[in-house]
Amino acid sequence: MSSTDPIADAITKIRNAYRADHRTVTVNHSKVNESIVKILAEENYINSYEIVERDAVKKIYRKRIYINLRYTNNGEPVLKGIERISTPGLRVYVNSKNIPSVYNNTGCAILSTNKGVMVDRDARQQTVGGEYLCKVW
193 MSSTDPIADA
203 ITKIRNAYRA
213 DHRTVTVNHS
223 KVNESIVKIL
233 AEENYINSYE
243 IVERDAVKKI
253 YRKRIYINLR
263 YTNNGEPVLK
273 GIERISTPGL
283 RVYVNSKNIP
293 SVYNNTGCAI
303 LSTNKGVMVD
313 RDARQQTVGG
323 EYLCKVW
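FYI, this note's numbering numbers position 82 of the sequence shown as 274, with every residue one higher than the one before it.
So this is what it looks like as structure tokens:
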């Protein structure tokens, strides 16, 4: 079964796992999903992630990303929200001068640019625009 929007599926799985107080979550692998998860790890929204290759013996038929979620000492999730902005039906593009700030720069916007997937402040620094994938706070 194929998905029409694998990025939205991954974002929804991460959001639902945080809401259900899970410690780990598994999402399907794609290059963009891997880049988004890598950014979440760099921004300290998740503890770690691991990419697991296909293995028929272990009944893993697709490449997956295992994500260890991050919580505070009080048990509160570090990631308060994650929202998909650009969808397959309505793409949202921004140029380097109109990159939005998320919650007064306490969150981050994730952009897909011609120089790769990056956070809003890196895109501003390199003066590149691109597709506004999602925002995280």
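Here a beta-carbon is modelled for each residue, glycine too, at the ideal position from N, C-alpha and C. These numbers come from a predicted model, not from an experiment.
Going straight from the alpha carbon of residue i to that of residue j, what length do you get?
i: Met193; j: Arg246; result: Low local confidence applies: a pLDDT of 47 at Met193 is under 50, so the model's placement there is unreliable, and no value is given.
i: Cys300; j: Thr218; result: 23 Å
i: Arg215; j: Thr305; result: 31 Å
i: Val244; j: Asn260; result: 13 Å
i: Arg316; j: Val229; result: 21 Å
i: Asp312; j: Pro280; result: 21 Å
i: Glu242; j: Ile257; result: 6 Å
i: Tyr324; j: Ser278; result: 6 Å
i: Leu282; j: Asp197; result: 12 Å
i: Ala202; j: Tyr253; result: 17 Å
i: Gly308; j: Asn208; result: 27 Å
Specify, as a first and last residue, the run of the alpha helix (DSSP H) that residue i falls within.
i: Ser227; result: 223 to 234
i: Ile199; result: 198 to 211
Measure from the alpha carbon of residue i to the alpha carbon of each residue in the options, then state which is nearest.
i: Tyr295; options: Ile257, Trp329, Leu271; result: Trp329
i: Thr264; options: Leu325, Arg207, Asp213; result: Asp213
i: Tyr210; options: Asn225, Lys255, Val270, Asp197; result: Val270
i: Lys289; options: Asn297, Ser222, Asn208, Gly322; result: Gly322
i: Arg262; options: Val309, Cys326, Tyr237, Asn297; result: Tyr237
i: Pro292; options: Cys326, Gln318, Tyr253, Leu282; result: Cys326
i: Asn297; options: Glu235, Lys255, Asn287; result: Glu235
Taking DSSP's pairing of strands, which residues face residue i in a bridge?
i: Gly308; result: Thr305
List the endpoints of the continuous beta strand (DSSP E) containing residue i.
i: Thr216; result: 216 to 220
i: Arg262; result: Where Arg262 is concerned, there is no enclosing beta strand (DSSP E), given that its DSSP letter is neither H nor E.
i: Ile274; result: 274 to 276
Return yes when the C-beta of residue i is under 6 Å from any heavy atom of the ligand ADP, and no when it is not.
i: Val284; result: Among the components modelled here there is no ligand, and therefore nothing to report on the ligand ADP.
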